[in-house]
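For the protein sequence lines, the chains are R and F, in the order given. My numbering puts the first residue of the first sequence at 1, with every later residue one more than the last. My numbering puts the first residue of the second sequence at 1, with every later residue one more than the last. For each residue, glycine too, the CB sits at the ideal point set by N, CA and C. Computed from a predicted structure; not experimentally measured.
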Amino acid sequence: MKIGRETKIALALIVFCIINYFYLIPSQVIKQGSAPTYPLIVNTLILLSSIGYFFQSIFQKIIKDKNSQKNKSLKKIQKTIWKPVVLIIFIGIWVSVLDYVGFLLSTIILLIGSITLFGSRNYTKTIIISILFSIFVYFLFRGVLKTALPEGFLENILERIIFD
Amino acid sequence: MADFITNLIGGINYAFNFTNILGILGGYFIGVIVGATPGLTSVMAIVLLLPFTYNLSPLFAIASLMGCYKGGVYGGSITAILFNIPGTPMAAATALDGHPMKLQGKGLRALEMALFASVIGGTFSNFLLLFTAPPLARIALKFGPAEVAALIFFSLTVVASLMGDTPLEIWKGLISLGGGLSFAMIGLDMMTTTRRYGFGIVELDNGINFVTAIVGLLALSEVLVQTEKIVNLKLYNFKDEIQSFEKLTWRSRINDLKICAIDILRSSLVGSFIGALPGLGATTASFMSYGEAKRASKHPETFGKGEIRGVAAPEAGNNAVCAASLIPLVTLGIPGSIVAAALFGAFMIQGMMPGPMLMKTHPQVLYGLFFLMILTDTLGGAFVAYPFIRISTHLLRKIDYTVLFPIIIVLCGVGTYGINFSIFDIKVTLFLGVLGYIMRKTGFAVPVFLLAFILGPFLERNLRTALLISQGSLFIFLKSPIAMILLSLGVISLIFSFRKKLKKKKEVI
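Shown next, in the form of structure tokens:
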């Protein structure tokens with residue numbers, strides 16, 4: 001019998017609960033000196049719900065129908081999921097380099113990349129908006145909210161021009 | 001009664017100033033724009049504004065956010081009526097009759113009735129909040145740790161059971177609930193101050209900040225979901241011709257109000273009742289109000305074809321939810337909806353713990369807030385929404401989603417950075433954004449997760465305190481009639497939901 005997507009998720013959750021019981025709670029709770037009662041109660045709730053989810057998914061009468069449409073839906077997922085994945089990578093890179101290159105440069109690059117990813121092909125408009133918005137946010141935080149953002153060489157230049 | 005009047009007068013004195021009025025109008029304006037923009041919701045606007053309220057005064061911050069919420073609830077009806085594209089899910093019922101009215105050349109009549117109904121519905125529930133909150137808070141003050149733990153359990157189970165349409169979704173709701181409670185455990189144990197689930201990361205000692213969680217799970221995950229739909233979003237670059245609106249007289253407006261008066265009143269009651277219950281929300285209220293108006297009508301066949309009552313009813317209903325949804329929050333400290341959870345965060349940022357004690361410790365702030373909320377509907381409607389109606393078509397055509405969503409990403413990042421000036425918080429936001437995205441794709445309820453995350457520490461503290469008092473015995477819950485009733489209601493609501501949805505599934509098959 002083919003295992004449906006819901007059943008696989010339920011099984012993964014059950015495995016996670018078992019790992020939580022036998023590894024995570026002992027190492028991350030008990031070993032740290034904390035009482036395990038509440039974490040055990042919560043984990044039991046998740047485990048019981050996952051078991052219920054597992055059996056419910058198996059008893060679903062439409063699993064066979066879903067399998068027959070599986071190829072169609074898989075292609076659809078492959079078509080659309082790459083954009084969120086690329087966006088997540090962009091954001092991850094932005095977060096990683098923020099401290100090193102500063103807010104302005106990293107945000108300008110993030111905005112150019114993500115606006116292009118979202119489908120804009122007017123590159124002049126994209127670059128102008130990216131630069132203006134990044135500078136706007138920088139001044140909003142630095143000038144109005146008096147809050148520092150990660151600094152790089154662009155921020156130092158602006159500081160010297162405007163605030164000194 | 002004397003206390004109530006004294007506190008109310010004190011609150012009015014405290015709140016009534018130009019800055020606060022500006023705050024609620026500003027929030028309302030942002031809410032209307034965001035609500036009118038398909039793909040964005042007032043919840044997202046509140047969540048994005050939340051980190052920026054740290055440095056603002058409590059009343060200004062919370063009143064602005066409330067204004068944003070109310071503006072957003074109305075704003076969704078604008079695009080629903082003009083373009084048959086509800087700006088928010090709660091405006092979907094408004095589109096059923098609103099758009100046909102627009103096609104019949106009665107677009108302005110529909111937009112204005114939506115506004116009038118929203119103002120009346122919102123004002124009704126504002127007064128309900130004002131008069132019910134104090135007595136409910138007095139009752140809640142008598143709750144001990146066992147009762148509070150039982151109440152939180154009841155709220156979470158009701159929300160989890162109501163969120164799903166099928167038994168499978170209820171199981172997923174319970175798993176989301178457990179997930180939220182688990183994430184709330186990350187950090188130092190509140191009683192022993194030892195680490196839990198820290199994985200050696202020192203930054204996790206203080207746990208995950210709730211603003212970070214709200215921004216990541218709601219705003220960032222929404223952007224990731226919208227990224228997939230970017231092809232469809234291009235349809236929202238409204239290609240319709242700009243039509244001039246029909247001319248209306250005040251006599252015709254008053255006539256319309258007379259026609260819709262009973263529906264507006266009924267819908268205000270329905271919306272207020274639904275808003276006060278955890279888990280249901282404005283979308284349910286708007287459809288129920290529409291359904292009731294149609295059922296009560298002498299000519300139900302006119303609904304769906306441009307019936308003005310079909311616009312008034314859902315708009316009064318969905319706006320009546322706004323203030324009513326604060327009732328469990330300010331009286332019991334339990335957010336019963338995602339917006340209430342975001343406002344819970346706003347209170348916490350200001351150093352105020354929502355709940356019965358808030359009425360004792362900060363009565364001026366609370367009564368001042370109630371007063372400002374009454375002003376929000378009338379002033380926001382008159383000075384923001386009413387003029388906005390005229391320019392809405394021109395403005396909404398210019399929205400460029402390819403720029404809007406990347407901007408939201410940056411705002412998510414800098415907003416969470418500003419909490420502790422830590423890049424780690426942005427990383428957590430990204431992680432939770434991805435988690436929220438995966439949850440949405442696999443059908444797990446993010447709102448339940450988030451509510452459990454926010455209420456988890458309170459549930460744990462009260463549960464453990466109750467067990468300490470009873471020296472580990474669970475009979476403390478059986479000895480308290482209130483706790484027993486609440487626990488039983490929680491279990492009954494789950495069983496009832498399962499049965500109802502199983503029965504519905506069998507009928508479909």
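Residues of its chain near residue i, where Cβ-Cβ distance is below 7 Å and the 5 sequence neighbours each way are ignored
i	result
F/ASP377	LYS70, VAL119, GLY122, THR123, ASN126
F/SER77	ALA91, THR94, GLY98, ALA114, GLU315
F/PHE29	GLY71, VAL384
F/ILE454	PHE210, PRO335, ALA341, PHE344
F/THR577	Because chain F here runs from 1 to 509, residue 577 of chain F falls outside it and cannot be looked at.
F/LEU463	ALA149
F/MET288	VAL270, ILE274, GLY317
First through last residue of the alpha helix (DSSP H) which encompasses residue i
i	result
F/ASN319	309-324
F/PRO363	363-380
F/GLY67	58-83
F/ASP3	2-15
F/VAL403	401-420
F/PRO89	Unbroken run through F/PRO89: none, as it is neither H nor E.
R/LEU132	123-139
R/ASN156	153-158
F/TYR28	18-36
F/ARG109	107-140
F/ALA285	281-296
F/LEU478	475-479
For residue j and residue i, the rounded distance between their alpha carbons
i	j	result
R/LEU140	R/VAL101	19 Å
F/PHE370	F/LEU130	6 Å
F/ALA140	R/ASN156	54 Å
F/PHE183	R/ARG121	41 Å
R/PRO84	R/GLU6	22 Å
F/THR511	R/GLY152	Within the shown structure, residues of chain F are numbered from 1 to 509, placing residue 511 of chain F beyond reach of any answer.
F/GLU222	F/TYR437	7 Å
F/THR302	F/LYS106	15 Å
R/THR37	F/MET185	12 Å
F/LEU375	F/LEU430	37 Å
F/PRO134	F/LEU366	10 Å
R/ILE91	F/LYS427	9 Å
F/PRO145	F/LEU489	18 Å
F/THR442	F/ILE170	13 Å
R/ALA10	F/PHE498	18 Å
R/PHE133	R/ILE19	46 Å
F/LEU217	F/GLY433	5 Å
R/ILE128	R/LEU154	16 Å
F/LYS501	F/ALA282	21 Å
F/LYS258	F/HIS394	31 Å
F/PHE143	F/ALA483	9 Å
F/TYR290	F/LEU265	12 Å
R/ILE88	F/SER267	43 Å
F/ALA323	F/ASN7	19 Å
F/LEU50	F/LEU65	8 Å
Cβ shell of residue i (< 6 Å), same chain only, five flanking positions each side left out
i	result
F/THR41	THR88
F/PHE424	GLU203
F/PRO517	Since the first and last residues shown for chain F are 1 and 509, residue 517 of chain F lies out of range.
F/TYR14	GLN364, GLY368
F/LEU494	THR157, SER161
R/LYS125	none
F/GLY10	GLN364
8 Å CB neighbourhood of residue i in its chain, flanking five on each side removed
i	result
F/ARG109	MET101, GLU246, LEU248, SER252, ASP256, ILE308
F/PHE458	VAL148, ILE152, GLY333
R/LYS72	Confidence is the limiting factor: at R/LYS72 the pLDDT is only 49, short of 50, which leaves the residue's position unreliable, though a coordinate-based value still follows. There are no such residues.
Any non-hydrogen atom of the ligand GTP within 8 Å of residue i CB
i	result
F/VAL384	With respect to the ligand GTP, the structure offers nothing, as it holds no ligand at all.
Q.
With a threshold of 8 Å, are at least 3 pairs of Cβ atoms found where one atom belongs to the stretch 147-160 of chain F and the other to the stretch 21-28 of chain R?
A. No, the stretch 147-160 of chain F is not in contact with the stretch 21-28 of chain R.
**Q.** Stretch-stretch touch, CB-based, cutoff 8 Å, three pairs: the stretch 42-53 of chain R with the stretch 197-215 of chain F
**A.** no
Q: Evaluate the contact criterion for the stretch 219-227 of chain F versus the stretch 263-277 of chain F: three or more CB pairs, one atom per stretch, below 8 Å.
A: no
Q) Below 8 Å, can you find three or more Cβ-Cβ pairs linking the stretch 161-174 of chain F to the stretch 433-448 of chain F? A) yes
Q. Between the stretch 41-71 of chain F and chain R, which residues of the former have a C-beta closer than 9 Å to a C-beta of the latter?
A. PHE52, TYR54, ASN55
Q. Of all the residues that make up the stretch 293-318 of chain F, which are near chain R by a beta-carbon distance shorter than 9 Å?
A. none
Q.
When you compare the stretch 51-60 of chain F with the stretch 418-425 of chain F, are there three or more beta-carbon pairs, one atom per stretch, that lie closer than 8 Å?
A. yes
Q: Return the residues of the stretch 82-94 of chain R that lie within a Cβ-Cβ distance of less than 8 Å from chain F, sorted by chain order.
A: Those residues of the stretch 82-94 of chain R that come within reach of chain F (Cβ to Cβ, closer than 8 Å) are LYS83, PRO84, LEU87, ILE88, ILE91, GLY92, TRP94.
Q) Name the residues in the stretch 166-196 of chain F whose C-beta lies less than 8 Å from a C-beta of chain R; which are they? A) PRO167, LEU168, TRP171, LYS172, LEU174, ILE175, LEU177, GLY178, GLY179, LEU181, SER182, MET185, ASP189, MET191, THR192, THR194, ARG195, ARG196
Q) If you measure beta-carbon to beta-carbon, which residues of the stretch 124-146 of chain R are closer than 7 Å to chain F? A) ILE129, PHE133, VAL137, PHE141, LEU145
**Q.** Residues of the stretch 106-117 of chain R whose Cβ lies closer than 8 Å to any Cβ of chain F, in chain order
**A.** Within the stretch 106-117 of chain R, the qualifying residues are THR107, LEU110, LEU111, SER114, ILE115, LEU117.
Q) Per the contact definition of three or more C-beta pairs closer than 8 Å, is the stretch 289-297 of chain F in contact with the stretch 348-363 of chain F? A) no
Q. Of the residues that make up the stretch 5-18 of chain R, which ones have a beta carbon closer than 7 Å to any beta carbon in chain F?
A. GLU6, ILE9, LEU13
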